[in-house]
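Asks: First the structure, then my questions, so here it is.
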Amino acid sequence: MNDTALRVAVVTPYHREPAAVLRRCMQSVRAQGHPQVVHYMVADGLPQAGLLAEWPQVRHIVLPQVNANFGCTPRGIGALCALADGADVVCFLDADNLFLPGHVASVVQAYAEARERGRPVDAVFSSRYMFLPGHEHLRIVPPDEAPGSDFVDTNCISLARSAGFLWGAWSQLPRSLTPVCDRAMCWLMQHHGLRVCWTRQCTVLYESRWRATYLQAGLPPPGGLHDDLLRSAGVGLTPEELWGLLRVQWSFDPPARRA
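As structure tokens, this is what we get:
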């Protein structure tokens with residue numbers, strides 16, 4: 129297939145984000161140079177119909193009730209809609225984050241190069257820069273996220289149609305795992321033996337509300353950060369439930385709870 133003919137979907141769940149933040153996200157997708165990109169904005173029970181009417185090229189999906197599970201249900205439903213619409217690749221972008229202009233092109237190129245080598249892949253991972261609210265100029269490289277590491281942030285994941293059985297898996301995650309949904313998806317991709325490669329480019333801008341990023345930037349961490357969310361991840365979830373829901377055998381013991 130001609131690389132420029134690859135149909136790429138970008139799925140963004142949104143909930144209570146301000147209009148300016150949603151515009152920033154949608155503009156970053158609009159700025160992608162790849163000729164076939166469709167952006168799916170999925171409202172988690174709180175649609176901003178007036179705003180989305182200003183973006184007729186964006187496909188707006190409205191869920192009738194709030195799920196409030198870190199975007200997992202709307203992300204999975206949006207991905208399944210993209211799969212049904214015939215997308216070849218799906219990328220994921222949370223509403224408060226951005227893609228740099230070359231993100232989609234770098235992902236498509238990685239799929240093409242793998243295919244040309246005779247080793248097509250099911251997933252392509254990118255890398256990210258962190259920035260802090262009010263400090264959008266920062267470009268912080270998070271530690272321990274080098275290409276080949278076990279963790280890939282949601283916004284850095286793309287899946288090919290050969291991994292279509294996982295596109296909607298976000299919606300299957302037990303609620304207690306949704307605070308660490310990207311880690312759970314990494315489990316699933318490893319469990320199913322997906323063939324993956326990395327672009328080795330930082331093409332995602334991630335708005336961080338994590339204490340470690342403030343410390344890395346040399347700034348005092350404010351209150352209301354996301355770190356405490358990890359303490360509830362996996363609570364009450366038995367290995368039997370994990371197997372029944374996701375068909376994986378791992379138990380979950382996050383570092384934040386072991387500390």
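Residue numbers (my numbering): 129 to 387. For every residue, glycine included, the Cβ atom is placed at its ideal position computed from N, Cα and C. From a predicted model like this one, the values you see are computed outputs, not experimental measurements.
Can you pull the DSSP bridge partners for Arg-337?
Replies: Per DSSP, none; premise fails for Arg-337.
Asks: In terms of residues, what are the limits of the alpha helix (DSSP H) holding Cys-309?
Replies: 309-319 is the extent of the alpha helix (DSSP H) around Cys-309.
Asks: List the residues that DSSP assigns as beta-bridge partners of Ile-285.
Replies: Paired residue(s): Phe-253.
Asks: Would you check if the region 166-177 and the region 236-252 touch, i.e. whether three or more CB-CB distances between them fall below 8 Å?
Replies: No, they do not touch.
Asks: Flag this pair as touching only if the region 170-186 and the region 266-280 have three or more C-beta atom pairs under 8 Å; answer yes or no.
Replies: The region 170-186 is not in contact with the region 266-280.
Asks: Grab me the residues of Arg-337's own chain with a C-beta within less than 6 Å of its C-beta, minus the 5 sequence neighbours each way, in chain order.
Replies: Answer for Arg-337: Leu-353, His-354, listed in chain order.
Asks: Quick check: the Cα distance between Leu-150 and Phe-220, rounded to an integer number of angstroms?
Replies: Near 14 Å, if we compare the C-alpha coordinates of Phe-220 and Leu-150.
Asks: The alpha helix (DSSP H) that contains Thr-201, what's its start and end?
Replies: Note, Thr-201: alpha helix (DSSP H), 200-212.
Asks: Using a Cβ-Cβ cutoff of less than 6 Å, which residues in the same chain neighbour Glu-368 once the five nearest sequence positions on both sides are dropped?
Replies: Closer than 6 Å at the Cβ level, and outside the excluded window around Glu-368, lies no residue.
Asks: Over what stretch of residues does the beta strand (DSSP E) that includes Ala-171 continue unbroken?
Replies: From DSSP, the beta strand (DSSP E) with Ala-171 extends over 165-172.
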